[in-house]
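What follows is one structure encoded as structure tokens, with my remarks underneath.
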Ligand SMILES: Nc1nc2c(ncn2[C@@H]2O[C@H](COP(=O)(O)OP(=O)(O)OP(=O)(O)O)[C@@H](O)[C@H]2O)c(=O)[nH]1
Ligand SMILES: [Mg+2]
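Numbering (UniProt numbering), first residue to last: 1 to 514.
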């Protein structure tokens with residue numbers, strides 16, 4: 001069964017399957033766009049149509065789509081959702097300028113074709129020679145600039161430095177997510193993306209899918225969900241998926257461990273993903289780019305596989321390569337900020353981007369914990385990669401080979417560093433900031449300037465570190481301010497380890513014996 005196999009009866013010609021992913025293909029502003037279809041575009045549409053039809057067959061999806069012509073100028077709004085809960089899919093007209101700025105103007109093939117035999121020939125055929133009346137001159141200038149100007153843009157990079165009030169200042173942000181074998185967590189990830197209250201029209205989403213196992217559908221699922229997201233209909237898709245009774249039954253058996261968790265926490269998660277949502281929850285993002293590239297990562301994505309100490313250095317360097325490929329391909333000159341987010345986050349405030357931005361740092365991370373079963377104390381500091389350097393760790397580094405990578409949380413590397421994770425006090429000021437040296441990668445906000453200046457995620461050993469911790473160290477070395485919020489917490493999903501599963505099974509057996 002395909003990943004959307006629980007949904008009901010999608011129609012082949014359904015407009016929700018338009019390929020809208022790049023911004024220019026979202027419902028354009030009528031007065032801004034004059035379109036004639038070139039044969040290339042027609043061919044593309046035919047190919048897309050064929051692909052979509054194949055996808056539909058492949059996923060055997062079962063959603064009933066009810067097409068409703070555009071009524072207003074907004075996507076299915078949260079109030080319409082709350083009030084009616086009906087299936088209604090309106091055409092989205094994206095009015096915000098931020099969807100269209102810093103964009104090459106579309107080239108009109110009819111105008112371009114007039115110039116194919118050179119300018120002299122154009123002048124002759126259009127105006128009978130080079131002598132132009134005032135009116136002809138105007139037309140000439142418009143058409144020449146449509147051909148030349150359409151592909152020439154200039155940027156004053158000073159204007160994209162990033163401020164603490166990015167949303168008010170219309171600052172564009174690139175949101176990067178690396179993905180591997182992530183099919184299962186994609187609905188969670190997309191719900192979090194919709195929950196983000198930083199203006200969606202200012203956010204370009206960029207995903208990199210790598211090294212997925214055979215049988216995993218991360219790439220296909222990501223593409224399909226992204227299309228729904230950009231059509232403003234993903235909320236409805238998830239509602240249908242979440243209310244599908246068959247799917248609930250199989251989820252129930254799979255998630256037995258939930259009964260062993262703190263029910264307050266479970267309720268918080270439920271609440272985070274239930275209406276009312278914020279006003280622009282369904283609003284499409286400025287663009288979505290999906291990249292696929294394998295790096296030869298063959299360490300398993302299971303909890304126990306990826307946490308063995310000896311694989312950490314290799315794994316972290318490969319992750320670093322993936323991150324660098326993603327930024328290098330997706331960063332545009334108009335981005336002021338880059339936000340990195342892992343897909344496997346369970347709870348996170350929708351205002352995270354503004355919250356991290358408001359501190360005025362160049363790099364800022366929150367605290368990351370994870371919930372645990374009650375029999376394991378209910379919660380635990382999770383991301384130990386955000387820390388302040390210690391003399392003990394610097395001394396330890398001197399004893400290591402220059403290519404060795406120190407990883408936190410392993411007895412092999414006693415660093416005695418101050419970890420952001422352990423500094424958390426549940427009810428303390430979430431705005432308190434601590435300066436850091438290393439950072440974890442679950443949720444990093446950084447000014448785009450860092451990447452332009454050459455700060456990156458080292459895929460080699462940099463000061464006995466790799467990836468995000470080395471990113472923090474490198475940023476510091478280049479004079480940037482790196483900080484973390486000890487009392488502002490994101491919750492990583494809990495995946496029962498092999499040991500935890502054995503304990504749960506034992507408890508279940510005990511229950512049956514009682
Ligand atoms: N592109 C790419 N993404 C990856 C790779 N490995 C993990 N990811 C993704 O990177 C994010 C973090 O991955 P995790 O496996 O949770 O790794 P981690 O956060 O370093 O480790 P944990 O502390 O175990 O959570 C998730 O969104 C993964 O899907 C990889 O090799 N390539
Ligand atoms: Mg993780």
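Cβ atoms here follow ideal geometry from the backbone N, Cα and C, with glycine treated the same way.
Count the other CB atoms, across all protein chains shown, that sit within 10 Å of the CB of residue 505; report buried if there are 16 or more and exposed otherwise.
By the neighbour-count criterion, in which a residue is buried when 16 or more other Cβ atoms sit within 10 angstroms of its Cβ, residue 505 is exposed.
Inter-residue CB distance, residue 187 and residue 238 (contact presumed, cutoff 8 Å):
Indeed they touch by this definition, with Cβ atoms about 6 Å apart.
Would residue 322 and residue 458 be called neighbours here (beta carbons separated by less than 7 Å)?
In this structure, the beta-carbon distance from residue 322 to residue 458 does not fall below 7 Å.
Buried or exposed by the 16-neighbour rule on C-beta atoms within 10 Å, applied to residue 329
Within a 10 Å sphere around the beta-carbon of residue 329 sit fewer than 16 other beta-carbons, which makes this residue exposed.
Tell me whether residue 574 sits in a helix, a strand or coil according to DSSP, three-state version.
An answer regarding residue 574 cannot be provided, because it is not within the stretch 1 to 514 covered by the chain.
Could you work out which residue in 191, 147 and 354 is closest to residue 229 when comparing CA atoms only?
For residue 229, the nearest C-alpha among the options comes from 191.
Is any non-hydrogen atom of ligand 2 found closer than 6 Å to the C-beta of residue 342, if you look at the structure I gave you?
Result yes, Cβ under 6 Å from ligand 2.
Based on the DSSP output, what are the partners of residue 367 in its beta bridges?
The beta-bridge partner set that DSSP reports for residue 367 consists of 489.
Please find out if some non-hydrogen atom of ligand 1 comes closer than 6 Å to the beta-carbon of residue 496.
The closest heavy atom of ligand 1 lies 6 Å or more from the beta carbon of residue 496.
Between which residues of its own chain and residue 499 is the CB-CB distance below 6 Å, once the five residues before and five after are set aside?
Its chain contains no residue whose beta carbon lies nearer than 6 Å to that of residue 499 once the 5 sequence neighbours on both sides are disregarded.
Neighbourhood of residue 371 by C-beta distance below 7 Å, restricted to the same chain and skipping five residues each side
Same-chain partners within the cutoff: 261, 262, 265, 378, 379, 491 and 494.
Residue 211 beta carbon near ligand 1 (any heavy atom closer than 6 Å)
At least one heavy atom of ligand 1 sits closer than 6 Å to the Cβ of residue 211.
Nearest to residue 219 (by Cα), restricted to the options 359, 387, 423 and 289:
Taking only the C-alpha atoms, the option nearest residue 219 is 289.
Under a three-way DSSP split, which group does residue 535 fall into?
Outside the displayed span of the chain (1 to 514) sits residue 535, for which this structure offers no information.
Might you give, ordered along the chain, the residues of its own chain that have their beta carbon closer than 6 Å to the beta carbon of residue 470, omitting 5 neighbours on each side?
Only 458 and 462 meet the Cβ criterion.
Between residue 371 and ligand 1, is the CB less than 6 Å from at least one heavy atom?
The beta carbon of residue 371 sits no closer than 6 Å to any heavy atom of ligand 1.
Output the distance between the C-alpha atoms of residue 124 and residue 102, rounded to the nearest integer angstrom.
A direct Cα-to-Cα measurement between residue 124 and residue 102 gives close to 34 Å.
Supposed contact pair residue 448 and residue 363 - C-beta distance, whole angstroms, cut 8 Å
Incorrect: roughly 12 Å between the Cβ atoms, too far for contact.
Looking only at C-alpha atoms, which of 333, 422, 435 and 408 sits nearest to residue 156?
With distances taken between Cα atoms, residue 156 lies closest to 333.
Once the 5 residues before and after residue 147 are set aside, which same chain residues still bring their CB inside 8 Å of it?
If we look at residue 147 and ignore the five residues flanking it on each side, its Cβ neighbours are 107, 111, 112 and 115.
Assign residue 267 to one of two classes, buried (16 or more other C-beta atoms within 10 Å of its C-beta) or exposed (fewer than that).
Label assigned to residue 267: exposed.
Quick one: Cα of residue 345 to Cα of residue 417, how far?
Rounded to whole angstroms, residue 345 to residue 417 spans 25 Å at the Cα level.
Indicate, with yes or no, if ligand 1 has a heavy atom lying under 6 Å from the CB of residue 179.
Within the cutoff, so yes.
State the Cα-Cα distance for the pair residue 169 and residue 163, rounded to the nearest angstrom.
So the alpha carbons of these two residues sit roughly 8 Å apart.
Quick one: what's residue 290 bridged to in DSSP?
Beta-bridge pairing links residue 290 to 207.
Please classify residue 127: does DSSP put it in a helix, a strand, or coil?
Three-state DSSP puts residue 127 in a helix.
Short check: CB of residue 366 to CB of residue 421, under 7 Å?
Going by C-beta atoms, residue 366 is not nearer than 7 Å to residue 421.
At a threshold of 6 Å, does residue 297 count as lining ligand 1 (C-beta to nearest heavy atom)?
For ligand 1, at least one heavy atom lies less than 6 Å from the Cβ of residue 297.
Would the beta-carbon of residue 182 be found less than 6 Å away from any heavy atom of ligand 1?
At least one heavy atom of ligand 1 lies less than 6 Å from the C-beta of residue 182.
Cβ-heavy atom distance between residue 208 and ligand 1 below 6 Å?
Shortest gap from the CB of residue 208 to any heavy atom of ligand 1: under 6 Å.
Spatially closest choice to residue 404 from 352, 317 and 423, by CA coordinates:
Ranking 352, 317 and 423 by Cα distance to residue 404 puts 317 first.
At the level of alpha carbons, what is the spacing between residue 211 and residue 181?
So the alpha carbons of these two residues sit roughly 8 Å apart.
Inter-residue Cα distance where the pair is residue 56 and residue 240:
Note on residue 56: pLDDT 44, under 50, position unreliable in the model; no value is reported.
Inter-residue CB distance, residue 440 and residue 383 (contact presumed, cutoff 8 Å):
Sure, about 4 Å apart at Cβ, within 8 Å.
What whole-angstrom Cβ distance do residue 406 and residue 396 have, given they're in contact under 8 Å?
Contact between residue 406 and residue 396 holds, with the beta-carbon distance rounding to 7 Å and staying under 8 Å.
Look up residue 379 in the DSSP assignment and say whether it is helix, strand or coil.
Assigned with DSSP and collapsed to three states, residue 379 falls in strand.
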